[in-house]
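Participant:
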Amino acid sequence: MAKRLVVLSASELILSFLIEGNNVYKISAEERGFKRYTDSIFKGKVKRLAKGMDGVFVDVGIGRDAFLPLKGENYRVGESLIVQMVREPEGEKGAKLTTNVKLVGKYLVYFPRGKDIRCSSRIQSEEKDRLCSLLEKDLKEEGVILRSAAVRATHEQIKEELEKLRGLWQQIERRAKALKKPQPILEEYPSYIRLIRDHWQDMEEIISDNPLIWNHIASFLEDFEPELLKKNLYIKDPTAYVHKYKLQDSLRSVLNKVVWLKGGGYISIEETEAFTIIDVNSGDPTGSCHEENALRTNLEAVKEIAKQVILRDIGGIILIDFIDMKKQENKELVIKSMQQAFEEETCNITIYGFTKLGILEMSRKKSGRSISKLLTEACPYCSGKGYIKSSSFFLFELEKEITDQAHKALKVQVHPIRYEKVKKALQSKGYSHIQVDESHDVGVNNFNISHG
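Printed below as a string of structure tokens:
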């Protein structure tokens, strides 16, 4: 299905909306000044053994050592390694590394230290056999995953990309040798570039309100897929797109814990540091639910769960408490429906099945913090038990609200906790004529704008 990408920027936040048809399919965020390291490649140095954890701690130059599992290897303290980050540090959890580096292209995911050929699950079995046989003679003690786009590519196009990714790996090796200390060698792209890379085949439009972001996108496309530059790609005011696709509504919806289903039931989503819990409820206050009704509500919930997991970019361990079903065939139907709901997803999804307690276990590759964690922060008034909009998201909403009126004399009222940050941000944007006042009558997540 045709897709559009709308990239909106403000002082501290860049938000990217991937639109499929008339609906927002995925939202991604970048905080200015915040480094995202998942999938970045580093020169690392082994600092110490992780006793009892079957691994080592590695300095990669980000101020906090990362964990590297041994997986049958033996590393010496002081040894230099080329590693890739598979999980960023979050809270008390440190970063996790791998030496099985991957490089992503249009048609291939290249593993210079791999040994096998695999295919995307979206490629049909007969195509898998054809593509694998084509590549077998081209590989030299290395591995690849053929992406779904490879089906439409010629052997020459795939071979050309393989050579290009080989060349990139050789550059990384040379760079690692030249570097004196641990540090990033190749940083992963920002979220708006990753969305283009993962959905380039279906991309019809890319709209950005920021010339610098557009230049970055254009530079990437010149190398990655020049044909896309000939399509309808714009630097322009995206206001019409914001209203047409209800981007603000989608943005606020990802902060809601409860999502209602058309049949009267609902799901509640709770993200914790360790995992995400999704609870499916019938909406019946008595709590009773016959098998047929339970199955009907669960199948409806499956579609909404898949939509919300992708939209919110929820990764890691996901536990789903469906309405209890007695029949095994109904549980299998829910599992099959869940697999189908994620068929088009580009992130790796694994569905493990139901536990003895009736909880469905699944995991999705974590690409960093989810969108809700990026847009919220711990409430300073309740010892972190609740959440408020993050400073970057609050400023994003405020700046978008005043953009059309920025030339007018305006008065902005905010909660005292927001005052200094808002005043400084507006002055840096050249809005010194806008008066900022603090008031306890304004909620911490709200602002009032009036004509001065």
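Number 367 in full-length UniProt numbering belongs to position 367 of the sequence shown; there are no gaps in the numbering. Yeah, the Cβ is synthetic: ideal placement off N, Cα and C, and Gly gets one too.
For ALA150 and ILE19, I'd like the C-alpha separation in whole angstroms.
Facilitator: Looking at the two C-alpha atoms, the distance is approximately 23 Å.
Participant: Quick check for students: name the residue ranges of the beta strand (DSSP E) that lie wholly in the region 166 to 212, counting only runs of 3 or more.
Facilitator: Counting whole runs of 3 or more residues, the region 166 to 212 contains the beta strand (DSSP E) stretches 183 to 186, 203 to 208.
Participant: Sort out for me which residues DSSP pairs HIS451 with in a bridge.
Facilitator: Partner(s): LEU410.
Participant: Whole beta strand (DSSP E) runs in the region 361 to 410 with 3 or more residues, listed along the chain?
Facilitator: Fully enclosed beta strand (DSSP E) runs of 3 or longer: 376 to 378, 387 to 389.
Participant: Which residue from GLU79, LEU319, PRO69 puts its Cα closest to that of THR350?
Facilitator: Among GLU79, LEU319, PRO69, the Cα nearest to that of THR350 is on LEU319.
Participant: Scan the region 303 to 345 and note each continuous beta strand (DSSP E) run of 3 residues or more that stays entirely inside, going in chain order.
Facilitator: Entirely contained in the region 303 to 345, the beta strand (DSSP E) runs reaching 3 residues are, in chain order, 316 to 321.
Participant: Could you pull the start and end residues of the alpha helix (DSSP H) that GLY417 belongs to?
Facilitator: Just to set this straight, residue 417 is Ile in the shown sequence, not Gly. Here the alpha helix (DSSP H) through ILE417 covers 416 to 428.
Participant: So MET6 and ILE207 are in contact, right, with Cβ under 8 Å, and what is the actual spacing, rounded?
Facilitator: As written in the sequence, residue 6 is Val, which differs from the Met given in the question. Right, the Cβ-Cβ distance comes to about 5 Å (below 8 Å), so this counts as a contact.
Participant: From the DSSP output, which residues share a beta bridge with ALA66?
Facilitator: Note: ALA66 sits in a beta bridge opposite VAL58.
Participant: Flag this pair as yes or no: are the beta carbons of PHE57 and LYS45 separated by less than 7 Å?
Facilitator: No. Outside cutoff.
Participant: For GLY130, does the three-state DSSP call read helix, strand or coil?
Facilitator: Note that residue 130 is Arg in the sequence shown here, rather than Gly. Residue state, collapsed to three classes: helix.
Participant: As an exercise, report each continuous beta strand (DSSP E) stretch of at least 3 residues that is fully enclosed by the region 13 to 44, in chain order.
Facilitator: Those beta strand (DSSP E) runs which fall completely within the region 13 to 44 and span 3+ residues are 13 to 20, 23 to 31.
Participant: For ALA34, is the classification buried or exposed, using 16 other Cβ atoms within 10 angstroms of its Cβ as the cut-off for buried?
Facilitator: Reading off the sequence, residue 34 comes out as Phe, not Ala. PHE34 comes out exposed.
Participant: Could you name the residues of the same chain whose beta carbon sits closer than 6 Å to that of TYR37, not counting the 5 residues immediately before and after it, in chain order?
Facilitator: MET85, GLU88.
Participant: Quick check on DSSP: helix, strand or coil for GLU79?
Facilitator: Residue state, collapsed to three classes: coil.
Participant: Distance, Cα to Cα, PHE447 vs ILE417?
Facilitator: When rounded, the distance between both Cα atoms is 12 Å.
Participant: So for ALA294, helix, strand or coil by DSSP?
Facilitator: Three-state result, ALA294: helix.
Participant: Out of GLU92, GLY61, THR99, which one is the CA nearest neighbour of GLY72?
Facilitator: Comparing Cα-Cα distances from GLY72 to each of GLU92, GLY61, THR99, the minimum goes to THR99.
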